[in-house]
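Numbering (the UniProt record's numbering), first residue to last: 1 to 429.
All C-beta atoms, glycine included, are put in the ideal place defined by N, C-alpha and C.
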């Protein structure tokens, strides 16, 4: 098979040998390796692929090739479900609320954007209905500058990068400390949903990961992960052995049939709690989270990272403010927090997106210092640290146009509302 890769600046033809039963995921995995080998870079960049004869021109046929490949990919992903998985997803399809729907939508996004986000578990956690819906949106947006799901992809990569950067910095500052004396880093994912970072980020090796979300989401995710383990393991090992898996060698290619969940983190604890109430803090402590300092019998505070991805705007203002104050008042100075904030106009998308948004802030850098935080850095989609080659600096790009409009302007020159998503890094003062 000949695959033509169309980037923004040039096109490269790759000749790949694939068996007749190969799915789109296998194709993209080979494409990714070939691109990195030829460019010497692991940076993310948008690629459009067309498969067929080598002489096929990169013109309007590109869209037809993309749509055909997308359909093949979704069919392959959905075809991997066991009957138990189908039953679990069917049950949730009938009764899911907005937060459960969003969690599965994010998993669907990672599954279909797997050319930039490596997440073998996403296909199992999304469910066929959400994969098909995202497929429809991507088909409708084919040819546009903003492909459906690009905001999710950029946001995911931004959080991934910030977590890795923070852990690398901490490790570089503790090279002289023996492994026995080093404190184990903690990463807390609030509103974790179908997050799989504990299984897909190598930088989490040696970290204790805590995932906090509603009981129904926690139970549903755990059940699906058990199904994934049973399906991918020839020996059908017990589900509790999942936590004991050794970290895989990143240099070793993993065959598709062996894409069982393998834990990079030292441990992962799932905490079932409602973040809109005060109960979550006590449950997190009971699960093994270490506060350190005066709030923890004077013991040293471990390096801690809080991840609030896709969470705050689902809470009411008083709930979000209480959660942020809870972290700043109990954690040691320097504790890192990564979060995303909607501006006011973005919350007006509730009806269009069939969900409910509440909390917002047009100026997080002014709000957060009043809640006990410092060193606030705000990025927007398309900024140098929130781009990853996926957002074009073009007048046709929505995110590029927004960045050209001063943030104090609520309306664009054409009268449309300025809807912004802020990616924010800050620390406890």
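Item to complete: Rank 115, 98, 87, 82 by C-alpha distance to the C-alpha of residue 69 and give the top, closest one.
Response: The option with the nearest alpha carbon to residue 69 is 115.
Practice prompt. For residue 409, collect the residues of the same chain with a Cβ closer than 8 Å to its Cβ; drop the 5 residues on either side in sequence, then sort them by chain order.
Written response: Within its own chain, the residues whose Cβ lies closer than 8 Å to the Cβ of residue 409, once the five positions on either side in sequence are excluded, are 418, listed in chain order.
Practice prompt. Could you name each continuous alpha helix (DSSP H) segment of 4 residues or more that falls completely within the stretch 307-352, going from the start of the chain to the end?
Written response: Within the stretch 307-352, the complete alpha helix (DSSP H) runs of at least 4 residues are 317-330.
Practice prompt. State the DSSP-derived secondary structure class of residue 251, mapped to helix, strand or coil.
Written response: Caution applies to residue 251, whose pLDDT of 33 falls short of 50 and renders its modelled position unreliable; the value that the coordinates give is listed next. In the structure shown, the three-state DSSP call for residue 251 is coil.
Worksheet item: From residue 191 to residue 265, what does the alpha carbon distance come to, in whole angstroms?
Response: Taking the straight line from one Cα to the other gives about 18 Å.
Worksheet item: If you drop the 5 nearest sequence neighbours on each side, which residues of the same chain put their C-beta closer than 6 Å to that of residue 399?
Response: 381, 382, 391.
Worksheet item: Where do the ends of the alpha helix (DSSP H) carrying residue 188 lie?
Response: Unbroken run through residue 188 is the beta strand (DSSP E), 186-190; no alpha helix (DSSP H).
Worksheet item: If you compare alpha carbons, which of 130, 187, 125, 133 is closest to residue 307?
Response: Nearest option by C-alpha distance: 187.
Discussion item. Less than 8 Å between the beta carbons of residue 211 and residue 270, yes or no?
Written reply: By the CB criterion at 8 Å, residue 211 and residue 270 fall inside the cutoff.
Practice prompt. Report the rounded CA-to-CA distance for residue 141 versus residue 126, giving the unit in angstroms.
Written response: Each residue's CA atom was taken as its position, placing residue 141 and residue 126 some 21 Å apart.
Fill in: Secondary structure of residue 201, DSSP reduced to three states
Taken through DSSP and simplified to helix, strand or coil, residue 201 comes out as coil.
Worksheet item: Assuming residue 424 contacts residue 328 under a Cβ cut-off of 8 Å, what Cβ separation, rounded to an integer in Å, is found between them?
Response: Between residue 424 and residue 328 the beta-carbon gap is near 14 Å, outside 8 Å, which marks them as no contact.
Worksheet item: If you measure from the CB of residue 159, is any heavy atom of the ligand NAP nearer than 7 Å?
Response: Looking for the ligand NAP in the displayed structure turns up nothing, as the structure carries no ligands at all.
Discussion item. Please return the same chain residues whose Cβ sits closer than 6 Å to the Cβ of residue 376, not counting the five positions on each side in sequence.
Written reply: Closer than 6 Å at Cβ, skipping near neighbours: 365, 368, 426.
Discussion item. Tell me the DSSP secondary structure of residue 75 in three-state form.
Written reply: In the structure shown, residue 75 sits in a helix (DSSP, three-state: H, G or I).
Worksheet entry | Unbroken stretches of the beta strand (DSSP E), 3 residues or longer, contained in the stretch 78-124 | The stretch 78-124 contains no whole beta strand (DSSP E) run of 3 or more residues.
Worksheet item: To the nearest angstrom, how far is it from the Cα of residue 345 to the Cα of residue 401?
Response: Whole-angstrom Cα-Cα distance: 16 Å.
Worksheet item: Between which two residues does the alpha helix (DSSP H) carrying residue 388 extend?
Response: For residue 388, there is no enclosing alpha helix (DSSP H), as DSSP marks it with neither H nor E.
Worksheet item: In angstroms, rounded to a whole number, what distance separates the CA positions of residue 304 and residue 322?
Response: One C-alpha to the other measures close to 19 Å.
Practice prompt. Give the straight-line distance between the Cα atoms of residue 77 and residue 370, rounded to the nearest whole angstrom.
Written response: Spanning the two alpha carbons is a distance of roughly 46 Å.
Worksheet item: Which word fits residue 282, buried or exposed, when buried means at least 16 other C-beta atoms lie within 10 angstroms of its C-beta?
Response: Exposed, by the Cβ-count rule.
Discussion item. Applying the 10 Å Cβ sphere with the 16-neighbour rule, what's the burial state of residue 384?
Written reply: The residue in question, residue 384, is exposed, as its Cβ has fewer than 16 Cβ neighbours within 10 Å.
Item to complete: Look at the alpha carbon of residue 173 and the alpha carbon of residue 182, and state the distance between them as a whole number of angstroms.
Response: Cα atoms of residue 173 and residue 182: separation of roughly 11 Å, rounded to the nearest angstrom.
Discussion item. So, at 6 Å on beta carbons, what are the nonlocal neighbours of residue 108 in its own chain, with the 5 sequence-adjacent residues on each side left out?
Written reply: Answer for residue 108: 126, 130, 131, 134, listed in chain order.
Discussion item. Pull the bridge partners of residue 225 from the DSSP assignment, please.
Written reply: Bridge partners of residue 225: none, in fact.
Item to complete: List the DSSP bridge partners of residue 421.
Response: Looking at the DSSP assignment, residue 421 forms a beta bridge with 342.
Item to complete: Please name the residue, chosen from 88, 279, 201, 331, that lies closest to residue 268 on a Cα-to-Cα basis.
Response: It is 201 whose Cα lies nearest to the Cα of residue 268.
Practice prompt. Closer than 6 Å by C-beta to residue 209: which residues in its own chain qualify, once you throw out the five before and the five after it? Chain order, please.
Written response: Closer than 6 Å at Cβ, skipping near neighbours: 187, 198, 265, 268.
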